[in-house]
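Chemist:
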Amino acid sequence: MFVDRQRIDLLNRLIDARVDLAAYVQLRKAKGYMSVSESNHLRDN
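So the mapping is simple: the numbering used here equals the position in the sequence shown, first residue as 1, plus 85.
1. Pull up the distance between the alpha-carbon of VAL121 and that of GLN111, whole angstroms please.
2. Where does SER122 fall in DSSP's three states?
3. Which two residues bound the contiguous alpha helix (DSSP H) that contains ASN97?
4. Could you give the distance in angstroms between the alpha-carbon of TYR198 and the alpha-carbon of ILE100?
This is how it looks when you write it as structure tokens:
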């Protein structure tokens, strides 16, 4: 069915996005980058 195929495609895209996001976060941590809010939090405390 068309709806099932769309659902599978959407779930696969979601999985790919999660993997990409996890890799991005891991890379940022490995390089030692901080977000602006993290930097502000450390500065204020």
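Glycine is no exception: its CB is placed at the ideal position from the N, C-alpha and C atoms.
Modeler: Taking the coordinates as given:
1. In the sequence shown, the residue the question calls residue 121 occupies position 36. In the sequence shown, the residue the question calls residue 111 occupies position 26. So the alpha carbons of these two residues sit roughly 17 Å apart.
2. On the sequence shown, position 37 is the one that residue 122 refers to. Helix.
3. Along the sequence shown, one-based indexing puts residue 97 at 12. First-last of the alpha helix (DSSP H) with ASN97: 87-116.
4. Only positions 86 to 130 of the chain appear in the structure, and residue 198 is not among them; the question remains open.
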